[in-house]
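A.B. asks:
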Amino acid sequence: MTTNAHRLESLQGIVGPEYIRGDLETLSAYAVDGMKPWAVVFPGDIEQVSEVVQLAGKEKLALIPWGSGSKIAMGNPPRRIDLAICTSRLNRVIDMDTANLTVTVQAGMRFKDIQSILGTLEGKSIPHKDPADRGEKDCFIPLSPPCIDSATLGGIIATNSSGPTRLLYGLPRDIVLGVRYVAPNGEIIRMGGKTVKNVSGYDMCKLMIGSQGSLGIVCEVILRLLPLPERSGTFVSTFASLSQASSFVDLLFQTSLLPASVEILNSRAYEPLRPDGAAELKARGYAAAVALEGVQEAVDRMSSEIREMALESGSKGNSYIQEDQHGVFWEGYSNLVPGLSDSYPDLVSFKLNYPISRYLEVIELADSLISDRQLDHALLAHAGSGITMIHILVDQGNTSDLDRIISVAERLLDRCRAIGGNLVIDRAKPEIKRRLPVWGLSREDLMVMKRIKNQMDPLEVFCPGRFVGGI
768 MTTNAHRLES
778 LQGIVGPEYI
788 RGDLETLSAY
798 AVDGMKPWAV
808 VFPGDIEQVS
818 EVVQLAGKEK
828 LALIPWGSGS
838 KIAMGNPPRR
848 IDLAICTSRL
858 NRVIDMDTAN
868 LTVTVQAGMR
878 FKDIQSILGT
888 LEGKSIPHKD
898 PADRGEKDCF
908 IPLSPPCIDS
918 ATLGGIIATN
928 SSGPTRLLYG
938 LPRDIVLGVR
948 YVAPNGEIIR
958 MGGKTVKNVS
968 GYDMCKLMIG
978 SQGSLGIVCE
988 VILRLLPLPE
998 RSGTFVSTFA
1008 SLSQASSFVD
1018 LLFQTSLLPA
1028 SVEILNSRAY
1038 EPLRPDGAAE
1048 LKARGYAAAV
1058 ALEGVQEAVD
1068 RMSSEIREMA
1078 LESGSKGNSY
1088 IQEDQHGVFW
1098 EGYSNLVPGL
1108 SDSYPDLVSF
1118 KLNYPISRYL
1128 EVIELADSLI
1138 SDRQLDHALL
1148 AHAGSGITMI
1158 HILVDQGNTS
1168 DLDRIISVAE
1178 RLLDRCRAIG
1188 GNLVIDRAKP
1198 EIKRRLPVWG
1208 LSREDLMVMK
1218 RIKNQMDPLE
1228 VFCPGRFVGG
1238 I
């Protein structure tokens, strides 16, 4: 009996033969940067995850946690990959306590599904009779992560995904109250809870957020909820130039208004999202989208004042969409990248971060570099958060743009680093990843990160080589 046949037999004893796949089609679907595992495992509970991880440690196997795969393009190409552990069967609500504004959910549940249960999508409340439900409030998880249709809670936490509403509601670390995860040695660990107390040593609840699956696999999460806002709306303005759009944003941030998000979009990003009846945007134009959520009086006041600021800044067109259409717009925003990747399978995505006040010069430089190299791109800037996403639209199989794309990334990385920021490659083919620092230039805390990885995962069971500095 071969080694892998023996391992497969052991895995079948853990999860059952029907929950292991080794056919070429499945393995290709779970490939990471062209590297395929030799099996995909679908555990049904945290105990099975623990047993799989223990087997991996014993057999010195490399594991890749997998939710929906919506963010699997992030990270360095793996040094090796033996098994993919898919959490799709871990998709239940464990406890819904809306009376106390918390929910406990398995990590394989899709974000959109739990939001729907909580009553947020399209303003509709969906009734549930599960005995784990307590309370009758309509609530929501205050996050707006990318790929909202497919992203799982585990993937969102592992990649620290937030989105445009981080401006008002914060990051996953502000919302995650506790986690239950399987460590690299197979131990099941619970950290945090509904009542979070001080702990000594590493705060594993926070360490797991943004760890890219390198420290273990999250199986359950406890999340803080908020009541649904009384009113919601989005003010969309179009401008002939980036300078006009930035003048509008600067005026907005000089006020005491509290929008949920403020986004700047170029024409390529705006057109797929353009609300019905809204003004079109010329090739060099920019749009600003401002989300408003809160009590009716505050939302009405903000929309009125924002319209005046937009007109003062030279807006060519203004639209105000509310409630259902507000939700449709931001759901489309979240799903923009999957839509672009359908048309451009070789899409290249960069995430730029920098001091908030420097957003204009970063966007201007990006526009200039990309235009000079005759590349097409969609740009979205979180104006109040110091983050810009650039998606370069590359036709499938086109290798002629490779050097120009790398040149753009190098120049932008140099500039972001010079002003105290960085550049991360969110999505690219392995040929590009091999020629660029995927996680940007390392910082002083890299040695601390390496020590944590070596202490927690000395056998390199989880995601070897995928994270910062080849961790």
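FYI, this note's numbering numbers position 393 of the sequence shown as 1160, with every residue one higher than the one before it.
For every residue, glycine included, the Cβ atom is placed at its ideal position computed from N, Cα and C.
Identify every residue that forms a DSSP beta bridge with K1118.
C.D. replies: Translated into the one-based positions of the sequence shown, residue 1118 becomes position 351. BP columns for K1118 point to M1156 and V1191.
A.B. asks: Is V1029 helix, strand or coil when you go by DSSP?
C.D. replies: The sequence position of residue 1029 within the sequence shown is 262, counting from 1. Correct three-state label for V1029: strand.
A.B. asks: Does the separation of the CB atoms of L1114 and L1107 fall below 8 angstroms?
C.D. replies: Here the question's residue 1114 lines up with position 347 in the sequence shown. Here the question's residue 1107 lines up with position 340 in the sequence shown. Yes, Cβ-Cβ distance for L1114 and L1107 is below 8 angstroms.
A.B. asks: Does the Cβ of L1208 have 16 or more other Cβ atoms within 10 Å, making it buried, or fewer, making it exposed?
C.D. replies: Position 441 of the sequence shown, counted from the start, is the residue given in the question as residue 1208. By the 10 Å Cβ count, L1208 comes out exposed.
A.B. asks: Is it a yes or a no for the region 981-989 touching the region 863-877, going by three-plus beta-carbon pairs under 8 angstroms?
C.D. replies: With the cut-off at 8 angstroms, the region 981-989 and the region 863-877 touch.
A.B. asks: Using 8 angstroms as the threshold, is the C-beta distance between P845 and C906 below it?
C.D. replies: Taking the first residue of the sequence shown as position 1, residue 845 is located at position 78. Taking the first residue of the sequence shown as position 1, residue 906 is located at position 139. No, these two residues do not count as a Cβ contact at 8 angstroms.
A.B. asks: Look at the alpha carbon of S917 and the alpha carbon of G1099, and state the distance between them as a whole number of angstroms.
C.D. replies: Taking the first residue of the sequence shown as 1, we reach residue 917 at position 150. Taking the first residue of the sequence shown as 1, we reach residue 1099 at position 332. So the alpha carbons of these two residues sit roughly 13 angstroms apart.
A.B. asks: Looking at the unbroken alpha helix (DSSP H) that takes in L1132, where does it start and where does it end?
C.D. replies: Within the sequence shown, residue 1132 is the residue found at index 365, counting from 1. First-last of the alpha helix (DSSP H) with L1132: Y1126 to D1139.
A.B. asks: Please report the distance separating the alpha-carbon of I956 from that of F1006.
C.D. replies: As a working note, residue 956 is residue 189 in the sequence shown. As a working note, residue 1006 is residue 239 in the sequence shown. Taking the straight line from one Cα to the other gives about 51 angstroms.
A.B. asks: Does the Cβ of A851 have 16 or more other Cβ atoms within 10 Å, making it buried, or fewer, making it exposed?
C.D. replies: Sequence index remark: in the sequence shown, residue 851 carries index 84 (1-based). It counts as buried.
A.B. asks: Which one or two residues does DSSP pair with E1060 in a beta bridge?
C.D. replies: The count along the sequence shown starts at 1 and reaches residue 1060 at position 293. According to DSSP, which records beta bridges pairwise, E1060 is partnered with S999.
A.B. asks: Would you kindly check if the distance between the Cβ of D800 and the Cβ of P1204 is under 8 angstroms?
C.D. replies: Counting from one through the sequence shown, the residue named residue 1204 turns up at place 437. Counting from one through the sequence shown, the residue named residue 800 turns up at place 33. For P1204 and D800, no; Cβs fall outside 8 angstroms.
A.B. asks: Provide the residue(s) that pair with A806 in DSSP beta bridges, ordered along the chain.
C.D. replies: Within the sequence shown, numbered from 1, the residue matching residue 806 stands at position 39. In DSSP, A806 forms a bridge with L850.
A.B. asks: In angstroms, rounded to a whole number, what distance separates the CA positions of S1152 and L828?
C.D. replies: Within the sequence shown, the letter at position 385 stands for residue 1152. Within the sequence shown, the letter at position 61 stands for residue 828. Cα-Cα distance, rounded: 39 angstroms.
A.B. asks: Which term fits H773, buried or exposed, when burial requires 16 or more other beta carbons within 10 angstroms of its beta carbon?
C.D. replies: Locating residue 773 in the sequence shown gives position 6, where the first residue counts as 1. Classification of H773: exposed, given that the 10 Å Cβ count is below 16.
A.B. asks: Mind checking whether F1002 and S1070 have CB atoms under 8 angstroms apart?
C.D. replies: Here the question's residue 1002 lines up with position 235 in the sequence shown. Here the question's residue 1070 lines up with position 303 in the sequence shown. Yes.
A.B. asks: Could you name the residues of the same chain whose beta carbon sits closer than 6 angstroms to that of G811, not counting the 5 residues immediately before and after it, in chain order?
C.D. replies: Within the sequence shown, residue 811 is the residue found at index 44, counting from 1. Once the five neighbours on either side are set aside, the close Cβ partners of G811 are R856.
A.B. asks: For P1122, count the other beta carbons within 10 Å of its own beta carbon; 16 or more makes it buried, fewer makes it exposed. Which is it?
C.D. replies: Mapped onto the sequence shown, residue 1122 falls at position 355. When all chains shown are included, P1122 counts as exposed.
A.B. asks: Does the structure place the region 1152-1164 close enough to the region 803-818 that three or more beta carbon pairs sit under 8 angstroms?
C.D. replies: No: fewer than three Cβ pairs fall under 8 angstroms.
A.B. asks: If you reduce the DSSP assignment to three classes, tell me which class R1051 lands in.
C.D. replies: Stepping through the sequence shown from its first residue, residue 1051 is reached at position 284. R1051: coil per DSSP, three-state reduction.
A.B. asks: Tell me, please, which residues DSSP counts as bridged to T869.
C.D. replies: Translated into positions along the sequence shown, residue 869 becomes position 102. DSSP output for T869 lists D864 and R991 as bridge partner(s).
A.B. asks: For a quick check, are the C-beta atoms of R1125 and Q1063 less than 8 angstroms apart?
C.D. replies: In the sequence shown, the residue the question calls residue 1125 occupies position 358. In the sequence shown, the residue the question calls residue 1063 occupies position 296. No.
A.B. asks: Quick check: the Cα distance between Q1011 and W1097, rounded to an integer number of angstroms?
C.D. replies: Taking the first residue of the sequence shown as position 1, residue 1011 is located at position 244. Taking the first residue of the sequence shown as position 1, residue 1097 is located at position 330. Looking at the two C-alpha atoms, the distance is approximately 23 angstroms.
A.B. asks: Please return the same chain residues whose Cβ sits closer than 7 angstroms to the Cβ of G922, not counting the five positions on each side in sequence.
C.D. replies: As a first step, residue 922 is located in the sequence shown; it is residue number 155 there, counting from the start. Within the same chain, G922 has close Cβ partners G834, S835, S837 and K838.
A.B. asks: Beta carbon of A1054, beta carbon of Y1037: below 8 angstroms?
C.D. replies: What you label residue 1054 is simply residue 287 of the sequence shown in a count that begins at 1. What you label residue 1037 is simply residue 270 of the sequence shown in a count that begins at 1. Going by C-beta atoms, A1054 is nearer than 8 angstroms to Y1037.
A.B. asks: Identify the continuous alpha helix (DSSP H) that holds L1203 and give its terminal residues.
C.D. replies: Indexing the sequence shown from 1 puts residue 1203 at position 436. L1203 -> no alpha helix (DSSP H), and no H or E assigned at all.
A.B. asks: Put T932 into one of helix, strand or coil per three-state DSSP.
C.D. replies: Within the sequence shown, residue 932 is the residue found at index 165, counting from 1. It is coil, neither helix nor strand.
A.B. asks: Taking buried to mean at least 16 other C-beta atoms within 10 Å of its own C-beta, is M863 buried or exposed?
C.D. replies: What you label residue 863 is simply residue 96 of the sequence shown in a count that begins at 1. With 16 or more Cβ atoms within 10 Å of its Cβ, M863 is classed as buried.
A.B. asks: Excluding the 5 residues flanking D1168 on each side, which residues of the same chain have their C-beta closer than 7 angstroms to its C-beta?
C.D. replies: By 1-based counting over the sequence shown, the position of residue 1168 is 401. Closer than 7 angstroms at Cβ, skipping near neighbours: L1142 and V1161.
A.B. asks: Leaving out five residues on either side along the sequence, give the residues of the same chain with a beta carbon under 7 angstroms from the beta carbon of R940.
C.D. replies: For this step, residue 940 is matched to residue 173 along the sequence shown. Excluding sequence neighbours, R940 sits near K973 and I976.
A.B. asks: Could you check what DSSP says for C914 in three-state terms: helix, strand or coil?
C.D. replies: In the sequence shown, residue 914 corresponds to position 147, counting from 1. Coil.
A.B. asks: Which of the three DSSP states is assigned to I884 in this structure?
C.D. replies: The residue you call residue 884 lines up with position 117 of the sequence shown. If DSSP states are grouped into helix, strand and coil, I884 belongs with the helices.
A.B. asks: Quick one: what does DSSP say A767 is sitting in, helix, strand or coil?
C.D. replies: Past the boundaries of the shown model lies residue 767; the chain is included only from 768 to 1238, so the question cannot be answered.
A.B. asks: Does N843 pass the burial test, meaning 16 or more other C-beta atoms within 10 Å, or should it be called exposed?
C.D. replies: For the purposes of this step, residue 843 is taken as residue 76 along the sequence shown, with counting starting at 1. So N843 ends up on the buried side.
A.B. asks: Is the beta carbon of N1033 closer than 8 angstroms to that of L1146?
C.D. replies: Here residue 1146 corresponds to residue number 379 of the sequence shown, with the count starting at 1. Here residue 1033 corresponds to residue number 266 of the sequence shown, with the count starting at 1. Against a cut-off of 8 angstroms, the Cβ pair of N1033 and L1146 comes out as a contact.
A.B. asks: Over what stretch of residues does the alpha helix (DSSP H) that includes N771 continue unbroken?
C.D. replies: Stepping through the sequence shown from its first residue, residue 771 is reached at position 4. Note, N771: alpha helix (DSSP H), T770 to V782.
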